[in-house]
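> This note's numbering numbers the first residue of the sequence shown as 4 and each following residue consecutively. Even for Gly, the Cβ is constructed at its ideal location relative to N, Cα and C.
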Amino acid sequence: MNPYVLAILLSSLGLGTTLTFASSHWLLAWMGLEINTLAIIPLMAQHHHPRAVEATTKYFLTQATAAAMIMFASTTNAWITGEWDMNNMSNPIASTMIITALALKIGLAPMHFWMPEVMQGLDLLTGLILSTWQKLAPFALIIQVAQAVDPMLLTTLGITSTLVGGWGGLNQTQLRKILAYSSIAHMGWMIIILQYAPQLTLLALGTYIFMTSAAFLTLKTSSATKINTLTMTWSKSPILTTTTALVLLSLGGLPPLTGFMPKWLILQELAKQNLPIIATIMALAALLSLYFYLRLCYAMTLTISPNTTNSTTPWRTQTTQSSLPLTLSTTIALGLLPMTPAILMLTT
Numbered sequence: 004m005n006p007y008v009l010a011i012l013l014s015s016l017g018l019g020t021t022l023t024f025a026s027s028h029w030l031l032a033w034m035g036l037e038i039n040t041l042a043i044i045p046l047m048a049q050h051h052h053p054r055a056v057e058a059t060t061k062y063f064l065t066q067a068t069a070a071a072m073i074m075f076a077s078t079t080n081a082w083i084t085g086e087w088d089m090n091n092m093s094n095p096i097a098s099t100m101i102i103t104a105l106a107l108k109i110g111l112a113p114m115h116f117w118m119p120e121v122m123q124g125l126d127l128l129t130g131l132i133l134s135t136w137q138k139l140a141p142f143a144l145i146i147q148v149a150q151a152v153d154p155m156l157l158t159t160l161g162i163t164s165t166l167v168g169g170w171g172g173l174n175q176t177q178l179r180k181i182l183a184y185s186s187i188a189h190m191g192w193m194i195i196i197l198q199y200a201p202q203l204t205l206l207a208l209g210t211y212i213f214m215t216s217a218a219f220l221t222l223k224t225s226s227a228t229k230i231n232t233l234t235m236t237w238s239k240s241p242i243l244t245t246t247t248a249l250v251l252l253s254l255g256g257l258p259p260l261t262g263f264m265p266k267w268l269i270l271q272e273l274a275k276q277n278l279p280i281i282a283t284i285m286a287l288a289a290l291l292s293l294y295f296y297l298r299l300c301y302a303m304t305l306t307i308s309p310n311t312t313n314s315t316t317p318w319r320t321q322t323t324q325s326s327l328p329l330t331l332s333t334t335i336a337l338g339l340l341p342m343t344p345a346i347l348m349l350t351t
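(1) What would DSSP say about Ala-324, mapped onto helix, strand or coil?
(2) Can you list, in chain order, the stretches of the alpha helix (DSSP H) that have 4 or more residues and sit fully within the segment 91-141?
(3) Starting from His-28, follow its DSSP beta bridges and name the residues at the other end.
(4) Quick one, are the C-beta atoms of Leu-249 and Leu-337 less than 9 Å apart?
(5) When the Cα of Pro-53 is compared with those of Gly-124, Ser-15, Met-100, which residue comes out closest?
(6) Mind reading off the beta-carbon distance from Gly-255 to Ala-140? Whole number of angstroms is fine, and I expect it under 8 Å.
(7) Quick check on Gly-110: buried or exposed, where buried means 16 or more other Cβ atoms within 10 Å of its Cβ?
(8) When you compare each of Glu-37, Ala-218, Pro-6 to Leu-16 by their alpha carbons, which one comes out closest?
(9) Give a yes or no on contact between the segment 193-201 and the segment 219-233, applying the rule of three or more CB pairs nearer than 8 Å.
(10) Please report how far the alpha carbon of Gln-202 lies from the alpha carbon of Asn-39, in whole angstroms.
(11) At which residue ranges does the segment 192-226 contain complete beta strand (DSSP E) runs of 3 or more residues, listed in the order of the chain?
(12) So, under 8 Å CB-CB, Ser-332 and Ala-217 are touching, yes? Tell me the CB distance rounded to an integer number of Å.
(13) Three or more C-beta pairs closer than 8 Å, one from the segment 253-269 and one from the segment 135-150: is that the case here?
(14) Going straight from the alpha carbon of Leu-293 to that of Leu-252, what length do you get?
(15) Note down the Cα distance separating Leu-105 from Pro-113, rounded to an integer number of angstroms.
(16) Note down the Cα distance separating Leu-13 from Ala-42, rounded to an integer number of angstroms.
(17) What are the boundary residues of the alpha helix (DSSP H) that Ala-345 is part of?
(18) Can you tell me whether Gln-2 is helix, strand or coil according to DSSP?
(19) Please tell me whether Leu-278 and Gly-168 are closer than 9 Å, where the distance is taken between their beta carbons.
(20) One question on the structure: do Ile-162 and Gly-191 come within less than 9 Å of each other, judged by their Cβ atoms?
(21) Checking 9 Å against the spacing of the C-beta atoms, do Asn-80 and Met-92 come in under that value?
(22) Measure the beta-carbon distance from Ser-98 to Val-152 and round it to whole angstroms, keeping in mind my assumption that it falls under 8 Å.
(23) Pop quiz: Ala-302 and Ile-242 are said to be a contact at Cβ under 8 Å. What is the actual Cβ separation, rounded to whole angstroms?
(24) Where does Tyr-211 land, buried or exposed, given buried means 16+ other C-beta within 10 angstroms?
(25) Would you give the residue range spanned by the alpha helix (DSSP H) that Ala-149 belongs to?
(26) Indicate whether Ile-96 and Leu-144 have their beta-carbon atoms separated by less than 9 Å.
(27) I'd like to check one pair, Thr-228 with Ser-185: are the Cβ atoms closer than 9 Å?
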């Protein structure tokens, strides 16, 4: 892609998200979401592959539907209350519609069906943008609206997402689909705690972004899109394979890695709120996700590829991309657990 065009598209992505962050007016927030969607569409379809075009079309239709629902709900709210302000969501129908539309935008279950299909059609870097940056703007709106929404709806969305994200990923062999289901499960963790401790939602979102970035950038470095490709990475770059296995375990939420921190704090907060059953369901749903991460770790570190290659195996994967983002995100994804007391001081 032409670097000037790429620069315009990426700056439009940034502009759309910033506009939504800065707005307290529904029309401006909607405009930011639309700029965001329209900026990522050329990035998705840049390879002109039928699969990429199909994924782009699916993404466009779901995002357009969600945007239309947001527009309709905010208009309804403005019609009833007489103002477009986000903080005045007194109409329960409008606030429920807006949460549903935003859930469709970020791929929360049961509005998640587009997410794995779209992710599978994209290349790894666009998939990374879709599963990290594209979540920020809708989440900013969800956090602002959450207090006006029925708590039962948020709890249902959260539990359904963690269960669907866990079950859905079990049967997959494609890494991008596995990461899509992982994204759905993590979104569930963020939504479940939103009504009780929004700062923990932001913490979970931040750690999720770093862990997912590390996973996607590693896969990009080793050019892996299927589980059986992963089995060949050990002989090419052993250190990268070791850190990748640790990043996947961090995504699963195992101590002493960063991914354990948000899960631990969220379960602790749920227990404080006298919700032991919900906390138990969430912890058990995390085990489902952990299983498919362990499956990937097993394929990478404990198996040797059965494929015989006639060419000489390179000792290191040749790559032209900068290794700094990968190093940075991997370090953050593995080593932030000791910072938990400091983060607790900041969030309480």
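According to the structure data:
(1) Note on residue identity: the sequence assigns Gln, not Ala, to residue 324. Here Gln-324 sits in coil by DSSP.
(2) 95-109, 117-123, 127-134
(3) Asp-88
(4) yes
(5) Gly-124
(6) In fact, because the Cβ distance is near 27 Å, the residues do not count as touching under 8 Å.
(7) buried
(8) Glu-37
(9) no
(10) 24 Å
(11) none
(12) 4 Å
(13) no
(14) 7 Å
(15) 12 Å
(16) 7 Å
(17) 343-350
(18) Limits of the chain in this structure are 4 at one end and 351 at the other, which puts residue 2 out of reach.
(19) no
(20) yes
(21) yes
(22) 5 Å
(23) Not really, about 18 Å apart at Cβ, beyond 8 Å.
(24) buried
(25) Looking at the DSSP string, Ala-149 is not in any alpha helix (DSSP H), and its letter there is neither H nor E.
(26) no
(27) no
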